[in-house]
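I have placed the structure first, in the form of structure tokens, so that the comments after it can refer back to it.
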Ligand code: APR
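Numbering (the working numbering), first residue to last: 74 to 301.
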């Protein structure tokens, strides 16, 4: 089976009702990254940070996968699909995708504050202050904050280097190291870029721009790939 590698960002979940970060009315319009998404913020005001992610977890649990998520799951019928997502929602998994790498973690799990390798399922939508990991430290959302390591970036780069088809969906490519992954994809590999506002992906290589929202563009590209 041909290897398809898909890099997704917040845009693929926008039509499921989850805010993106940098569009108008995006998440970073309402919150200052420094206050809610850095290790310093957690030191300074852990309750504010915990509540920020508890609220976002509630929205994720209420959201449903959309046609774009389901189309990528369907692609597995004919291709060896790996989804590398910057998103912390679990909509790809809930749509049926079986091979998902979360570069920035996943909000439906908690992690130890002192060892990010210790992660746990969460009962319900909130992590309460006072809930401790096995090492006795406060549990926090299992997400990668600005300034923290992205442990999955090296395996993700290797996977991109092996891609025979590449899809980039719903990301502004504003945040590294995720944004640099497209450079690992071989020049001649077809790269479908699906976004209403196509980000700057350079001019080199076999680029196919699909200037559509995800629920229109992704099913169309998947249908094309399944007809080959
Ligand atoms: N369909 C497809 N793409 C869409 C849609 C839609 N319906 N709506 C918006 N988009 C696109 C926007 O045009 C933009 O290119 O989704 C992208 C959203 O960009 P960002 O808000 O920057 O989100 P993302 O690229 O995922 O951010 C990367 O930044 O804050 C960090 O950790 C956070 O993982 C996140 C990272």
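C-beta atoms are modelled at their ideal positions from N, C-alpha and C, and glycine is treated no differently.
Note that the coordinates shown come from a computational prediction; the quantities given were computed from them, not determined experimentally.
- Only residues of its own chain outside the window of five on either side were considered, and among them 208 and 210 have a CB closer than 7 Å to the CB of residue 187, listed in chain order.
- Taking the C-beta atoms as reference points, residue 114 is found no nearer than 7 Å to residue 287.
- By the Cβ rule, the stretch 178 to 185 counts as touching the stretch 194 to 202, because three or more pairs are nearer than 8 Å.
- With respect to the 7 Å criterion, residue 111 and residue 198 are not classified as neighbours on the basis of their beta carbons.
- In the DSSP assignment, the residues bridged to residue 242 are 81 and 267.
- Counting along the chain, residue 184 sits inside the beta strand (DSSP E) bounded by residues 178 to 185.
- Put simply, the stretch 96 to 111 does not touch the stretch 146 to 161. Fewer than three CB pairs are less than 8 Å apart.
- In terms of side-chain proximity, the C-beta atom of residue 229 is found no nearer than 6 Å to any non-hydrogen atom of ligand 1.
- Exposed is the label assigned to residue 120, since fewer than 16 other Cβ atoms lie within 10 Å of its Cβ.
- For residue 100, the enclosing alpha helix (DSSP H) stretches over residues 100 to 103.
- Between residue 240 and residue 265, the C-beta gap is smaller than 7 Å, which places the two residues in contact.
- In the structure shown, the three-state DSSP call for residue 110 is coil.
- Taking the Cβ of residue 159 as the reference point, at least one heavy atom of ligand 1 falls within a distance shorter than 6 Å.
- Close CB contacts of residue 144 within its chain, under the 7 Å cut and outside five residues either way in sequence, are with 291, 292 and 295 (chain order).
- Bounds of any alpha helix (DSSP H) do not take in residue 92, whose DSSP letter is neither H nor E.
- Residue 193 is bridged by DSSP to 183.
- Going by beta carbons, residue 81 and residue 242 fall inside the 7 Å limit.
- In the structure shown, residue 211 adopts extended strand secondary structure according to DSSP, grouped into three states.
- In this chain, residue 276 is not harboured by any beta strand (DSSP E), its DSSP state being neither H nor E.
- Residue environment for residue 128: exposed (fewer than 16 other C-beta atoms within 10 angstroms of its C-beta).
- Straight across, the Cα-Cα distance linking residue 274 with residue 244 is about 11 Å.
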